[in-house]
Amino acid sequence: MTIKLGLEKLISDKKTQDLILGQFGYLCHSASVDQNLVLGVESLIKVFGQRLHKIFGPQHGFVTDVQDNMVETHDFKHPYFNRVIHSLYGETRIPTDEMLEGLETIVVDLQDVGTRVYTYISTLNLLMEKCAQKGIRVVVLDRPNPARADIVEGTVLDLKWKSFVGQLPIPQRHGLTMGEVAMFIRDVMKVKCDVHVVTMDGYKRAMTWEDTNRHWVNASPNLSTPNSCLSFPGTVLFEGTKLSEGRGTTRALEVVGAPEIEPFSLLKRMNEDLKKWNFEGVVLRPQMFWPTFQKHAGKSCGGFHIHITDSSKALGWRVGQYLLRVFHQELGKAFEWQDAAYEYEFDKSAIDLINGTDKLRQWVEQDGTLASLQELEALGMSEFMRARSSILLYL
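In structure tokens, the structure reads:
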């Protein structure tokens, strides 16, 4: 089944175009394309001309070519589109008054991946807060959730750990589209922003990316397949360690490991444990890999390639927590949490910021059980699910 994106409705429907007041800005990136892979900014210039006044780029940049964790982009004038590209991941992560000058509307068209730490929803939150103050309308062009919008897992963020990788009290894998996140910010977080969502036609919550019949364009440099978006809620946890999450390989955020790991014998020792955890829809394949940059660059690492065989059953976040515990047991004192600055936080542990709590780090260190992990996952979940049910836009 082919769906119709919010972008495609804005391009083709006059009534939808009436949502755009005056001159507007466009927050977008390389994945902001239509079914024919035409970049949204090109199509919107054809429809709106000079009314499309400014362009904004999120983390990884307007052209989505920049790596993670405080690798910033800067403002520049695009030589082809002849407009200034303002970076919302550079000197500021909140649009300044100068950036917003002359704008009556901001159109947001970002391909999110369904995980709380993915910073595009943080950028949306900060943008909506600023636009609420300035009286600027926000129009969100909705896109599918490649991690599926019918599955929720992970712990709900404790706001004590609020950061740029966690602005909202939602689980790690939140089961929302970008438009629904905007509704959550307005209706649950009570941000008084004039926000409108251009919904998708034909989208269903249980759709996989393949079900949508859309081409995959990387939403960030290291998520190269829809499969990586399903493993990402678990593999992103490894950013909070000195283990490799596969950056510097062709399967970043699908493979995890370290130079000290021999994966075949480790998997054999894990077999009984794996039966108890019942990881349906997931296969852990022993894998040797050789990162070319970032952690363990130039070293052979052993670990696992996480294969999603049934996305309706796969729980990527739980797999990631389990593997952290396994590697902690296996490596002993050689296991290290990341102690470098993480996403503009210099005094808090990266793993706690990613998890949105310090309790999961303690769970790993104490060799916690599945039951105790489920207890942590339940904290705040019923409240979130009630709030979530009130803002859903799709069946």
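Residues in the sequence shown are numbered from 1352 upward in steps of one, following the numbering used here. Backbone N, C-alpha and C define an ideal beta-carbon position, used for all residues, glycine too. This one's a predicted model, so the numbers in the text were calculated from it and none came from an experiment.
- From the DSSP output, read off the bridge partner residues of Tyr1693. Bridge partners of Tyr1693: Glu1696.
- Item | First and last residue of the uninterrupted beta strand (DSSP E) at Gln1638 | First-last of the beta strand (DSSP E) with Gln1638: 1633-1640.
- Query: Three or more C-beta pairs closer than 8 Å, one from the segment 1494-1506 and one from the segment 1411-1431: is that the case here?
  - Reply: Contact between the segment 1494-1506 and the segment 1411-1431 is absent, because fewer than three Cβ pairs lie under 8 Å.
- Task: Mind reading off the beta-carbon distance from Leu1743 to Glu1531? Whole number of angstroms is fine, and I expect it under 8 Å.
- Result: Right, their Cβ atoms sit about 6 Å apart.
- Straight-line gap, Lys1619 to Ser1740 (C-alpha atoms, nearest Å): Cα to Cα, Lys1619 sits roughly 42 Å from Ser1740.
- Item | Which listed residue (Lys1646, Leu1666, Gln1374) has its alpha carbon closest to that of Glu1590 | It is Lys1646.
- Message: Could you tell me which whole alpha helix (DSSP H) segments of length 4 or greater appear in the segment 1375-1427?
- Response: Correct list: 1391-1399.
- Task: Answer yes or no: the CB of Gly1526 versus the heavy atoms of the ligand PLP, is any distance below 8 Å?
- Result: The ligand content of the structure shown is nil, which means the ligand PLP is not present either.
- Task: Please work out which residues of its chain come closer than 8 Å, Cβ to Cβ, to Phe1676, disregarding the five sequence neighbours upstream and downstream, and give them in chain order.
- Result: The displayed chain sequence assigns Arg, not Phe, to residue 1676. Closer than 8 Å at the Cβ level, and outside the excluded window around Arg1676, lie Trp1714, Val1715, Asp1718, Gly1719.
- Message: Could you compute how far the alpha carbon of Ser1733 sits from the alpha carbon of Thr1470?
- Response: Distance between the alpha carbons of Ser1733 and Thr1470: 24 Å.
- Message: My output table needs one value for Thr1528: the three-state DSSP class, helix, strand or coil.
- Response: Correct three-state label for Thr1528: coil.
- Task: Please look up how many angstroms separate the CB atoms of Asn1706 and Thr1506, rounded, as I've assumed it's under 8 Å.
- Result: Yes, they are in contact, since the Cβ atoms of Asn1706 and Thr1506 sit about 6 Å apart, within 8 Å.
- Opposing strand residues paired with His1437 [DSSP bridges]: The partner list for His1437 (beta bridge, DSSP) reads Phe1407.
- Query: Rounded C-beta distance between Ile1612 and Gly1654? I'm assuming under 8 Å.
  - Reply: That belief holds up - the Cβ atoms of Ile1612 and Gly1654 are roughly 5 Å apart, short of 8 Å.
- Message: Suppose the cutoff is 8 Å on Cβ atoms and the five residues either side in sequence are ignored; what does the same chain contact list for Thr1474 look like?
- Response: Taking C-beta separations shorter than 8 Å and ignoring five residues to either side along the sequence, the partners of Thr1474 in its chain run Leu1378, Pro1409, Gln1410, Leu1439, Tyr1440, Arg1444, Leu1461, following chain order.
- Query: Arg1739 lies in the alpha helix (DSSP H); which residues open and close that run?
  - Reply: First-last of the alpha helix (DSSP H) with Arg1739: 1732-1740.
- Buried or exposed: Trp1668, going by 16 or more other Cβ atoms within 10 Å of its Cβ? Note on Trp1668: 16 or more other CB atoms within 10 angstroms of its CB, so buried under the neighbour-count rule.
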